[in-house]
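Q: Supplied in structure tokens, the structure appears directly below.
Numbering (the numbering used here), first residue to last: 21 to 297.
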């Protein structure tokens, strides 16, 4: 696993020219794997150019690690081919299922938190890691409903999965906050349960607050409550590589860089507070 550090952004088409022409101050970039799992084309050309100056990580949305379907070996081979091409520090996807009977529902659907689901996931993560030849990072998703048959909390489930499957974690702090609002739990309890040695990356993002429910939308700046939770996360887990996601209402790169500077400041203040505590 690469010793990637610092602060990153998601590479979006709106900012290709900025990264080619100006090489802005970003420590690394996250790319959506499926956007580049093709034999050619302009996006892949830009990716090859931009990665010369910026370390990369890959983040997928279609692995469907929790599905009851057989794993898509063709997808995994294409994923590995992209990884061989751009040499990412790591590869991540979501702890979820995205469809059934090989029909993609284009949503990140939560798992039931049961022993049966754990065993199912451990087997599948092992298969994926064998194909990729590296550990996989799995990200907690936002959720809006819970299964009546849950046998443990989400945080207990995730920590146990990381241990049994020997995989790593991508901790989405905004998703923790969104789910905590929707299900009524203390988000700090979730953060505190994460195994420090397994968390390799952090996501920050914005959401839509509808009062009675909160939706993970990635179309707003990070809100104060999520910044506060990020500070707590840094105090608990240390200086984990952190990035900001924006997938809609995408602003100028300068605006995103300014938001990334907020993350830098909060991390520095949280680490300094730990030293003096």
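Glycine is no exception: its CB is placed at the ideal position from the N, C-alpha and C atoms.
As the structure is a computational prediction, the values presented were derived from the model and not from experiment.
Among residues of its own chain, excluding the 5 on either side of residue 252, which ones have a beta-carbon nearer than 7 Å to its beta-carbon?
A: Indexing the chain shown from 1 puts residue 252 at position 232. Only 208 and 211 meet the Cβ criterion.
Q: Give the range of the alpha helix (DSSP H) segment to which residue 200 is assigned.
A: Counted from its first residue, the chain shown places residue 200 at position 180. 193 to 203 is the extent of the alpha helix (DSSP H) around residue 200.
Q: Inspect the beta-carbon positions of residue 79 and residue 52 and report whether they are closer than 8 Å.
A: In the chain shown, the residue the question calls residue 79 occupies position 59. In the chain shown, the residue the question calls residue 52 occupies position 32. Yes, the Cβ-Cβ distance between residue 79 and residue 52 is below 8 Å.
Q: On the criterion of 16 or more Cβ atoms from any shown chain inside 10 Å, does residue 65 qualify as buried, or is it exposed?
A: Counting from one through the chain shown, the residue named residue 65 turns up at place 45. Exposed: under 16 other Cβ atoms inside 10 Å.
Q: Near residue 274, what residues of its chain come up, given a Cβ to Cβ distance below 7 Å and the 5 sequence neighbours on each side ignored?
A: By 1-based counting over the chain shown, the position of residue 274 is 254. Result list for residue 274: empty, nothing under 7 Å.
Q: The alpha helix (DSSP H) that contains residue 91, what's its start and end?
A: The residue given as residue 91 occupies position 71 in the chain shown. Note, residue 91: premise wrong, no alpha helix (DSSP H); not H, not E.
Q: Just to confirm the assignment: which complete alpha helix (DSSP H) runs, minimum length 4, are found wholly within the segment 219 to 265?
A: Counting whole runs of 4 or more residues, the segment 219 to 265 contains the alpha helix (DSSP H) stretches 244 to 257.
Q: Which one of 97, 87, 143 and 149 has the shortest CA to CA distance from residue 129?
A: On the chain shown, position 109 is the one that residue 129 refers to. Of the listed residues, the one whose Cα sits closest to residue 129 is 87.
Q: Compare the C-alpha of residue 216 against each of 195, 153 and 182 and name the closest.
A: In the chain shown, residue 216 corresponds to position 196, counting from 1. Of the candidates 195, 153 and 182, the one whose C-alpha sits nearest the C-alpha of residue 216 is 182.
Q: Under the rule that 16 or more other beta-carbon atoms within 10 Å means buried, what is residue 135, buried or exposed?
A: As a position in the chain shown, residue 135 is number 115, starting the count at 1. Residue 135 comes out exposed.
Q: CA-CA distance, residue 111 and residue 157?
A: Working through the chain shown from its first residue, we reach residue 111 at position 91. Working through the chain shown from its first residue, we reach residue 157 at position 137. If I take the Cα positions, the gap works out to 6 Å.
Q: Decide yes or no for the touch test of the segment 172 to 180 against the segment 237 to 252: beta carbon pairs closer than 8 Å, at least 3 of them.
A: Because the criterion of three Cβ pairs below 8 Å is not met, the segment 172 to 180 and the segment 237 to 252 do not touch.
Q: Whole-angstrom Cβ separation of residue 262 and residue 27, contact assumed at under 8 Å?
A: Against the chain shown, residue 262 aligns to sequence position 242. Against the chain shown, residue 27 aligns to sequence position 7. 5 Å between Cβ atoms; contact.
Q: From this set, 199, 70 and 56, which residue's C-alpha is nearest residue 95's C-alpha?
A: Start at 1 with the first residue of the chain shown, and residue 95 comes out as number 75. Looking at the Cα atoms, 56 is the closest of the given residues.
Q: Roughly how many angstroms separate the alpha carbons of residue 47 and residue 292, rounded to a whole number?
A: Reading the chain shown from its first residue, position 27 is the one you call residue 47. Reading the chain shown from its first residue, position 272 is the one you call residue 292. Taking the straight line joining both Cα atoms gives about 21 Å.
Q: Alpha carbon to alpha carbon, how far is residue 71 from residue 32?
A: Here residue 71 is taken as the residue at index 51 of the chain shown, counted from 1. Here residue 32 is taken as the residue at index 12 of the chain shown, counted from 1. Computed Cα separation, rounded: 13 Å.
Q: Determine the closest residue to residue 229 out of 219, 221, 223 and 240, with distance taken between C-alpha atoms.
A: If you number the chain shown from 1, residue 229 lands on position 209. Nearest of 219, 221, 223 and 240 to residue 229, Cα basis: 240.
Q: Looking at the unbroken alpha helix (DSSP H) that takes in residue 268, where does it start and where does it end?
A: Translated into positions along the chain shown, residue 268 becomes position 248. Element bounds for residue 268: n/a, residue is neither H nor E.
Q: How is residue 286 classed by DSSP in three states: helix, strand or coil?
A: Counting from 1 along the chain shown, the entry for residue 286 is found at position 266. In the structure shown, residue 286 sits in a helix (DSSP, three-state: H, G or I).
Q: Tell me whether the beta-carbon of residue 238 lies closer than 8 Å to the beta-carbon of residue 281.
A: Counted from its first residue, the chain shown places residue 238 at position 218. Counted from its first residue, the chain shown places residue 281 at position 261. Contact flag unset, no.
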